[in-house]
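Structure record follows, encoded as structure tokens.
In my numbering, the protein residues as written are 350 to 941.
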């Protein structure tokens, strides 16, 4: 067809026209999406069926698997329902004592949850001699109209960031009181978990939901070998359970003086502690804080380092003075002190040097200076396994700010110790109290509950009735109970590599021999204890009177058999028959 020029121009001014479209096909479109959804459902169905099968079979419980969120996952629990009770999940028992309490609290019930590390757990013994158990006995006797349950939530090596989710968990179990006795374990793990805490609410929700799936738990177990290696790549995540830096062969080598990390750990402790208090307050559950003490006199620092910037020449001079002090310490304490002070002028940041200065002042009789240097040795410890002063001071400050009741176990321990410097007279190792220490904490909590009106004024409980209750409870324990504590202490000392500092802990005076004997007696080794007592008596005959007083203390703890054994051995040293008969009668009285 030929078109003229005018026709082409006319056509260019008209809009283009197209052939009509074919009718829409909505049904085909819908079918296409139905097919896609069906494919997704069919693809997921095996996973759903596998998840249901794992749940029915009770396999891959999320609480038993690796939690990449390291304590921040709220799906990870400490307790599970069993019949009409709640009990500790079996997989958590290596770190927690098996505990059980009624699912429905009785109308006259009083339920306490105690949180902390291995001190609350009862290490090196078990929960039977930890302060939560003594508190339960105390409240049961002095509050006869109530059914008391004191639940031990002490986790071995557990720091505040691991305990915080468990505090939130137990708030759903009708607690009447939460006891917080924390602070020793904050530096045990190498962690930087700020990225985990900074997760958005949506991400946190999805990750918690995924962590609750049995399949996820199962796959984690297959894909990641040892639990200790599990972490969120790039997020600074932590394993499900504690993996202390000292568990590694290079654990000590990984500890260095790091003021920035040190300050960050303290700040994180404060944040976690405030969060626990806030959660309890929001749930209208009272809180009681216990400040714990530590062994200063008989516990040298775990690791020491020189100050930054010390030249090679200065270090050689420092070492010469330190070695001269070591050589002088046995024969001339003042000369040793002079050498150590000369070394301190070159470098006063060395923790072991501070301990040596404290020991010299202690043996000379300069107890105020000794206490100052013992405290400094603890604070300078590059491997801080004892609570540092800022952590303890914060607990006092927050108790004052929030008007939270506080039981000052640290100050009480110092008041009971000679010259206010605790050692093996109060502690079995670097931080774990002896049985008497746990009993005192329990009594102090009971008194504080009455003073603060958290409980009605207690019925009077005589010293004789308390001793009888303690004795009856201890007699229920197996004969191996205290010797097993000794084995755990020996394991702990190997773990902490205390053999490197064995010379620092050898008793050198009557007091040290006495306290070493007290410790051996607490750990069930009567022969080792007696050898130390004989050394003390030989160095200072007045030690005999101190041993008789200690026998009275053992009787007060309910340990009449140990008290009687000690007095009978002391009777063998008596020169006249009348004294021996009197002591034998005393020993017999301890057994009644």
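Each residue gets a CB set at the ideal place from its N, CA and C atoms; glycine is no exception.
Cβ-Cβ separation, residue 771 to residue 645 (assumed contact under 8 Å), whole Å = In the chain shown, counting from the first residue as 1, residue 645 sits at position 296. In the chain shown, counting from the first residue as 1, residue 771 sits at position 422. Contact holds; Cβ gap of about 6 Å.
Classify residue 455 as buried or exposed, calling it buried when 16 or more other Cβ atoms lie within 10 Å of its own Cβ.
-> Counted from its first residue, the chain shown places residue 455 at position 106. Classification of residue 455: exposed, given that the 10 Å Cβ count is below 16.
In the DSSP assignment, find the alpha helix (DSSP H) that holds residue 918 and state where it starts and stops.
-> Here residue 918 refers to the residue found at position 569 when the chain shown is read from its first residue. Note, residue 918: alpha helix (DSSP H), 909 to 920.
Can you say whether residue 501 is buried or exposed, counting buried as having 16 or more other CB atoms within 10 angstroms of its CB?
-> Within the chain shown, numbered from 1, the residue matching residue 501 stands at position 152. With 16 or more other Cβ atoms within 10 Å, it is buried.
What are the start and end residues of the alpha helix (DSSP H) that includes residue 510?
-> Indexing the chain shown from 1 puts residue 510 at position 161. First-last of the alpha helix (DSSP H) with residue 510: 509 to 519.
Contact belief for residue 535 with residue 618 at Cβ below 8 Å, rounded distance in angstroms | Looking up residue 535 in the chain shown gives position 186. Looking up residue 618 in the chain shown gives position 269. Right, the Cβ-Cβ distance comes to about 5 Å (below 8 Å), so this counts as a contact.
Could you give the distance in angstroms between the alpha-carbon of residue 427 and the alpha-carbon of residue 444?
-> For this step, residue 427 is matched to residue 78 along the chain shown. For this step, residue 444 is matched to residue 95 along the chain shown. Whole-angstrom Cα-Cα distance: 10 Å.
Note down the Cα distance separating residue 418 from residue 510, rounded to an integer number of angstroms.
-> Looking up residue 418 in the chain shown gives position 69. Looking up residue 510 in the chain shown gives position 161. Residue placement at residue 418 cannot be trusted, given a pLDDT of 41 that sits under 50; what the coordinates show is reported in the next sentence. So the two alpha carbons sit approximately 12 Å from each other.
Cut-off 6 Å between Cβ atoms - residues of its own chain near residue 572, not counting five sequence neighbours on either side | Counting from one through the chain shown, the residue named residue 572 turns up at place 223. No answer about residue 572 holds up, because its pLDDT of 45 lies below 50 and its placement is not dependable.
The beta strand (DSSP E) with residue 444 in it runs from where to where?
-> Position 95 of the chain shown, counted from the first residue, corresponds to residue 444. Note, residue 444: premise wrong, no beta strand (DSSP E); not H, not E.
With a threshold of 16 other CB atoms inside 10 Å of the CB of residue 890, please say whether the residue is buried or exposed.
-> Counted from its first residue, the chain shown places residue 890 at position 541. Label assigned to residue 890: exposed.
Where does residue 384 land, buried or exposed, given buried means 16+ other C-beta within 10 angstroms?
-> To locate residue 384, count along the chain shown from 1; it is residue 35. Flag for residue 384 reads exposed.
Inter-stretch contact (C-beta, 8 Å, three-pair minimum) for the segment 709 to 720 and the segment 692 to 700 = no
Can you tell me whether DSSP reads residue 709 as helix, strand or coil?
-> By 1-based counting over the chain shown, the position of residue 709 is 360. DSSP places residue 709 in helix when its eight states are reduced to three.
Where does residue 924 fall in DSSP's three states?
-> Residue mapping note: residue 924 aligns to position 575 of the chain shown, counting from 1. Here residue 924 sits in coil by DSSP.
Cβ shell of residue 720 (< 6 Å), same chain only, five flanking positions each side left out = As a working note, residue 720 is residue 371 in the chain shown. 770, listed in sequence order.
As assigned by DSSP and simplified to three states, the class of residue 424 | One-based indexing of the chain shown puts residue 424 at position 75. Because the pLDDT at residue 424 is just 49, under 50, the model does not fix this residue reliably, and the point stays unresolved.
Could you have a look at residue 767 and say whether DSSP puts it in helix, strand or coil?
-> Residue mapping note: residue 767 aligns to position 418 of the chain shown, counting from 1. The answer is helix: DSSP assigns residue 767 an H, G or I state.
Buried versus exposed call for residue 296 [16 or more other C-beta atoms within 10 Å across all chains shown] = Because the chain is modelled from 350 through 941, residue 296 falls outside the range shown and cannot be assessed.
Secondary structure at residue 471, three-state DSSP: helix, strand or coil?
-> Walking along the chain shown from the start, residue 471 turns up at place 122. Coil, per DSSP.
Going by alpha carbons, who is nearest to residue 830 out of 870, 678, 760 and 925?
-> Here residue 830 corresponds to residue number 481 of the chain shown, with the count starting at 1. Of the listed residues, the one whose Cα sits closest to residue 830 is 870.
Where residue 389 falls, given that 16 or more other Cβ within 10 Å makes a residue buried = One-based indexing of the chain shown puts residue 389 at position 40. Exposed, because fewer than 16 other Cβ atoms sit within 10 Å of the Cβ of residue 389.
Unbroken alpha helix (DSSP H) run spanning residue 621, endpoints = Counting from 1 along the chain shown, the entry for residue 621 is found at position 272. It spans 608 to 631 - the alpha helix (DSSP H) in which residue 621 sits, taken as one unbroken run.
For residue 501, the residue or residues it bridges with in DSSP = Counting from one through the chain shown, the residue named residue 501 turns up at place 152. The partner list for residue 501 (beta bridge, DSSP) reads 463.
Neighbourhood of residue 652 by C-beta, 7 Å cutoff - its chain only, sequence neighbours within 5 removed | Here residue 652 is taken as the residue at index 303 of the chain shown, counted from 1. Hits under 7 Å: 601, 604, 730, 731 and 732.
Based on the DSSP secondary-structure assignment, which residues constitute the bridge partners of residue 638?
-> By 1-based counting over the chain shown, the position of residue 638 is 289. Its beta-bridge partners are 529 and 755.
Length of the line joining the Cα atoms of residue 606 and residue 910 = Working through the chain shown from its first residue, we reach residue 606 at position 257. Working through the chain shown from its first residue, we reach residue 910 at position 561. Roughly 47 Å separates the two Cα atoms.
Thinking C-alpha only, which one of 803, 488 and 436 is nearest residue 635?
-> Your numbering for residue 635 matches position 286 in the chain shown. The residue with the shortest Cα to Cα distance from residue 635 is 803.
C-alpha distance - residue 794 paired with residue 756, whole-angstrom precision = For this step, residue 794 is matched to residue 445 along the chain shown. For this step, residue 756 is matched to residue 407 along the chain shown. Straight-line Cα distance between these residues: approximately 6 Å.
From residue 347 to residue 406, what distance separates their C-alpha atoms?
-> This structure does not reach residue 347, given that the chain is present from 350 up to 941, and the question cannot be answered.
Taking C-alpha atoms, which residue in 873, 790, 493 and 685 lies nearest to residue 809?
-> Against the chain shown, residue 809 aligns to sequence position 460. Cα-wise, what sits closest to residue 809 is 493.
Does the segment 465 to 472 come close enough to the segment 781 to 800 to have 3 or more Cβ pairs within less than 8 Å?
-> yes
Residue 907 versus residue 447 - alpha carbon distance | Here residue 907 corresponds to residue number 558 of the chain shown, with the count starting at 1. Here residue 447 corresponds to residue number 98 of the chain shown, with the count starting at 1. Roughly 24 Å between the two C-alpha positions.
Give the DSSP-derived three-state secondary structure of residue 801 in the structure shown.
-> Here residue 801 corresponds to residue number 452 of the chain shown, with the count starting at 1. Note: residue 801 maps to coil in three-state DSSP.
How would you write the range of the alpha helix (DSSP H) that residue 898 sits in, first residue to last?
-> As a working note, residue 898 is residue 549 in the chain shown. Start and end: 892 to 905.
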